[in-house]
Every structure is written in C-alpha cells, then in structure tokens.
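In what follows, a single structure is set out as structure tokens and then discussed.
Residue numbers (the numbering used here): 4 to 208.
Below, the structure is given as structure tokens:
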C-alpha cells in the first residue's frame with residue numbers, strides 16, 4: 004500500500020432502524036462487517052457520525068458512518084478531514100444501481116454517477132478525486148427512489164451475505180496492497196450465487 008498514516012472508510016446510508024438492511028444502506032452494512040473484525044473497539048459519536056478508529060498494521064484505520072442522512076453525508080467527512088487531513092486516504096463505500104447485485108467496482112476517482120451521498124462529499128471536499136467502492140444493488144423496474152429504500156428480498160439477502168463474507172479479505176487487500184492491486188482483485192470478485200442465477204436465467208431464455 005502507498006505510504007499513508009490514516010485510512011478513512013466512509014460507509015453511506017441513512018440512520019435509524021427503518022433503513023436497516025435496505026439497498027441504500029449497503030455501505031453501512033459493509034462498514035459494520037469491518038467493525039466486527041475489532042470486537043474490543045466501540046463506536047463513538049463524533050463528526051455528526053458513528054466513528055471508530057483502530058491501529059491496523061502500520062496505519063490507523065478510521066470507520067465513519069455519517070448520521071446526517073444520505074444527501075448531506077459530506078458534512079461528516081469534511082469534519083473528519085479538518086482533524087485528520089494529513090497523509091490520509093479516503094474510500095467511500097456506497098450502493099450502485101448500475102451494477103448487478105453481487106458485483107463490485109473500485110475506482111480512484113470520477114463523477115458522482117447520480118449518487119447524492121457521494122455528490123455531497125465531493126461538493127464539501129471540493130474534488131472528484133475520491134476513491135469509491137461501489138456495491139451493486141441492481142437496476143429497478145420501479146422508481147429508483149423507492150427501490151433503494153426497500154429491503155432486500157430473501158433471495159437477494161443470500162447474495163448480500165456472500166458479499167459480506169468477503170469483506171474481511173477485501174478490507175485487508177485495501178489496507179495492505181497498492182490501489183492498483185486492490186482494483187484488480189476486488190473488481191474481479193463476483194458473487195457465485197449471482198453468477199449462477201444469471202447463468203440459469205440465460206439457459207431458460
């Protein structure tokens with residue numbers, strides 16, 4: 004991994020029980036799975052967010068779940084940056100409608116792709132050079148704003164659990180390897196359940 008002192012992982016979602024396990028909150032779920040790797044460290048309420056920090060190898064890992072609601076997530080990230088700006092890397096973990104469920108895309112920068120949480124962060128930090136890990140949730144047949152606030156179906160949940168089982172490995176890759184290496188490995192990953200389902204549908208056409 005490139006030499007940095009702190010690595011901030013920002014999971015995007017909405018606060019409150021009504022949003023738990025919804026498609027829009029899959030970024031929160033990813034961060035929660037990372038948190039399970041550090042059972043002796045608890046969340047703190049700071050930066051208008053749930054925040055956790057812990058040493059991991061040669062770096063300080065910071066996990067951030069903004070509690071501002073999705074569309075103004077940038078407020079929390081900016082508050083964190085004002086305190087920990089020096090030698091830090093940021094990765095935003097977010098849902099993506101343009102990727103199939105069980106598909107991942109890691110990129111170093113780019114536009115917001117219509118995602119208002121990422122847009123808020125880019126506006127607050129004044130840059131598009133923000134790495135992002137996009138977690139596919141699939142393109143809806145209904146209105147997108149309703150679809151992302153719905154919970155996963157039982158069948159979809161199985162694919163999400165498979166994705167979450169891969170989080171510890173992906174987290175370690177992100178922390179220990181170069182960004183290019185991490186992109187090659189993480190972007191090649193795909194849910195076996197989702198792949199099998201797609202092949203079955205193709206056979207039935």
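Here a beta-carbon is modelled for each residue, glycine too, at the ideal position from N, C-alpha and C.
Once you ignore the five residues that flank residue 31 on each side, which residues in its own chain have a CB closer than 6 Å to its CB? If you number the chain shown from 1, residue 31 lands on position 28. The residues are 14, 16 and 68.
If you measure between the beta carbons of residue 70 and residue 20, is that distance less than 8 Å? Taking the first residue of the chain shown as position 1, residue 70 is located at position 67. Taking the first residue of the chain shown as position 1, residue 20 is located at position 17. Contact flag unset, no.
For residue 207, which three-state DSSP category applies? Residue 207 sits at position 204 when you count from the first residue of the chain shown. Caution applies to residue 207, whose pLDDT of 49 falls short of 50 and renders its modelled position unreliable; the value that the coordinates give is listed next. Residue 207 falls in the helix class under three-state DSSP.
Which same chain residues, not among the five before or five after residue 188, have their C-beta less than 7 Å away from its C-beta? Start at 1 with the first residue of the chain shown, and residue 188 comes out as number 185. Hits under 7 Å: 176.
Please name the residue or residues paired with residue 134 in a DSSP beta bridge. Within the chain shown, the letter at position 131 stands for residue 134. Beta-bridge pairing links residue 134 to 94.
If we require 4 or more residues per run, which alpha helix (DSSP H) segments fall completely within the stretch 152 to 201? 157 to 168, 170 to 179 and 182 to 190
So, at 7 Å on beta carbons, what are the nonlocal neighbours of residue 79 in its own chain, with the 5 sequence-adjacent residues on each side left out? Within the chain shown, the letter at position 76 stands for residue 79. Excluding sequence neighbours, residue 79 sits near 50, 51, 52, 67, 69 and 71.
Would you mind sorting residue 61 into buried or exposed? The rule is 16 or more other CB atoms within 10 Å of its CB. Counting from one through the chain shown, the residue named residue 61 turns up at place 58. Result: exposed.
Out of 37, 74 and 198, which one is the CA nearest neighbour of residue 57? Taking the chain shown and counting its residues from 1, one reaches residue 57 at position 54. Ranking the options by Cα distance to residue 57, first place goes to 37.
Residue 59 and residue 178 look like a contact to me (Cβ under 8 Å); what is the Cβ gap, rounded to whole Å? The sequence position of residue 59 within the chain shown is 56, counting from 1. The sequence position of residue 178 within the chain shown is 175, counting from 1. Yes, they are in contact, since the Cβ atoms of residue 59 and residue 178 sit about 6 Å apart, within 8 Å.
Give the straight-line distance between the Cα atoms of residue 87 and residue 199, rounded to the nearest whole angstrom. Taking the first residue of the chain shown as position 1, residue 87 is located at position 84. Taking the first residue of the chain shown as position 1, residue 199 is located at position 196. About 43 Å.
Straight-line CA distance for residue 181 to residue 33? Residue numbering aside, residue 181 sits at position 178 when the chain shown is read from its first letter. Residue numbering aside, residue 33 sits at position 30 when the chain shown is read from its first letter. Approximately 21 Å between the Cα atoms of the pair.
Assuming residue 34 is part of the alpha helix (DSSP H), what are its boundary residues? Here residue 34 refers to the residue found at position 31 when the chain shown is read from its first residue. Residues 29 to 38.
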